[in-house]
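Q: First residue of the sequence shown? That's 1242 in the numbering used here, and the numbers climb one at a time after it.
Just dropping this structure here.
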Amino acid sequence: MRIRDGLESDAEALAAAIDRPRDVVRDVIHDRSVRVAVAGDEDGGDTSDEDGGDASDEDDEETVFGFVAFDVRDDTVHVTDFDGSGETVERLFEEPRRFACREEMGVEVVVPNDEETSEVIEALGFAAAGSGPRFDGRRTTRYRIEFEEFDGRNGE
């Protein structure tokens, strides 16, 4: 798996993953820092997907396994959206954490209470920091980690 900057051409795949309109996702790609996980090694050499199959198609489009979008407000890195499996999310969250460490900022993410992703977030060292805003009527929890709490794999 390789992590790269999000591109406008990724909007369709990301919109489908999070069930949002393509135009909204395209705006996120333009307005925030977005990283996507795609098939291949860090040098871009391997095109096998997570199951070992060939992820490249006739158009040479990359298969997107997940993404993270983040920005900075009030001296905090805010993860505004993300998607992917546990390992993919773990790799993707290295990006906002690395930025936060360099800038000596904490990282926050809001997760709907009815999603299993809270377990992944907690495994990354985030702690519940109170309730978050409601999303489509669903309750959420705000998670936070301070830069001093980053371990070596996510900090430098």
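Cβ coordinates follow ideal geometry from the N, Cα and C atoms, glycine included.
Fair warning: this is a prediction, and the values are worked out from it, not measured in the lab.
#1: Taking Cβ to Cβ, would you say residue 1276 is nearer than 8 Å to residue 1309?
#2: Sorted by chain position, which residues of the same chain lie with C-beta nearer than 6 Å to residue 1258's C-beta, five sequence neighbours on each side aside?
#3: Determine, using beta carbons only, whether residue 1370 and residue 1384 come nearer to each other than 8 Å.
#4: For residue 1391, collect the residues of the same chain with a Cβ closer than 8 Å to its Cβ; drop the 5 residues on either side in sequence, then sort them by chain order.
#5: Report the partner residues of residue 1349 according to the DSSP bridge assignment.
#6: Expressed to the nearest angstrom, what Euclidean distance is found between the alpha-carbon atoms of residue 1262 and residue 1269?
#7: Kindly give me the distance between the Cβ atoms of residue 1332 and residue 1242, rounded to whole angstroms, as I take these residues to be in contact under 8 Å.
#8: Looking only at its own chain, which residues have a Cβ that is under 8 Å from the Cβ of residue 1273, when we skip the five neighbours before and after it?
#9: Assuming residue 1251 and residue 1305 are in contact, meaning their beta carbons sit under 8 Å apart, how far apart are those beta carbons, in whole angstroms?
#10: Entirely within the segment 1332-1376 and at least 4 residues each: give me those alpha helix (DSSP H) ranges in chain order.
A: Looking at the atomic coordinates:
#1: Residue mapping note: residue 1276 aligns to position 35 of the sequence shown, counting from 1. Residue mapping note: residue 1309 aligns to position 68 of the sequence shown, counting from 1. A contact, by the Cβ cut-off of 8 Å.
#2: Along the sequence shown, one-based indexing puts residue 1258 at 17. If we look at residue 1258 and ignore the five residues flanking it on each side, its Cβ neighbours are 1324.
#3: Translated into positions along the sequence shown, residue 1370 becomes position 129. Translated into positions along the sequence shown, residue 1384 becomes position 143. Yes, they are a contact pair.
#4: Reading the sequence shown from its first residue, position 150 is the one you call residue 1391. Within the same chain, residue 1391 has close Cβ partners 1338, 1341, 1342 and 1366.
#5: Locating residue 1349 in the sequence shown gives position 108, counting from the first residue. Partner(s): 1319 and 1385.
#6: Within the sequence shown, numbered from 1, the residue matching residue 1262 stands at position 21. Within the sequence shown, numbered from 1, the residue matching residue 1269 stands at position 28. Cα to Cα, the separation comes out at about 11 Å.
#7: For this step, residue 1332 is matched to residue 91 along the sequence shown. For this step, residue 1242 is matched to residue 1 along the sequence shown. Indeed they touch by this definition, with Cβ atoms about 6 Å apart.
#8: On the sequence shown, position 32 is the one that residue 1273 refers to. Same-chain partners within the cutoff: 1310, 1311, 1312 and 1321.
#9: Residue 1251 sits at position 10 when you count from the first residue of the sequence shown. Residue 1305 sits at position 64 when you count from the first residue of the sequence shown. Contact holds; Cβ gap of about 6 Å.
#10: 1358-1364
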